[in-house]
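Enquirer: Heads up: the sequence shown begins at 20 in our numbering, then just goes up one per residue. For each residue, glycine too, the CB sits at the ideal point set by N, CA and C. All values reported here derive from a predicted model rather than from experimental measurement.
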Amino acid sequence: MTGLEITFGIILIVFAVFLVVAVLLQSTTEKGLGVIAGAGESFLGKDRSSRLDKLLNKLTPIIAGAFAIIVLVMYLIVE
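1. With H, G and I counted as helix, E and B as strand and the rest as coil, what does DSSP make of E24?
2. If contacts are defined as beta-carbon pairs under 8 Å, then I89 and I30 qualify, I think. What distance do you get, rounded to the angstrom?
3. Is V92 near F27, with beta carbons less than 8 Å apart?
4. So, L78 versus A41, is the Cβ gap smaller than 8 Å?
5. Run the CB neighbour count on I82, radius 10 Å, all protein chains shown included, and call it buried at 16 or more, exposed below.
6. Could you check what DSSP says for S69 in three-state terms: helix, strand or coil?
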């Protein structure tokens with residue numbers, strides 16, 4: 020393994036964690052994940068929670084796209 024592979028591997032793990040956290044923190048209209056969404060609304064308040072939702076709605080596709088690009092780069096490097 021080269022240093023470049025290790026570096027991209029670490030970056031890939033970090034982006035994977037960010038992607039999971041961004042998806043889990045998004046609020047839902049269904050009652051299924053009410054524990055996570057309800058805690059966010061009561062702790063942050065309605066206004067702050069909606070700002071967080073807007074931010075997460077913008078960041079999630081960006082993080083997912085970066086994750087996909089890093090996976091493709093890793094595939095090309097290892098091959």
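Expert: Inspection of the coordinates gives the following:
1. helix
2. 6 Å
3. yes
4. yes
5. buried
6. helix
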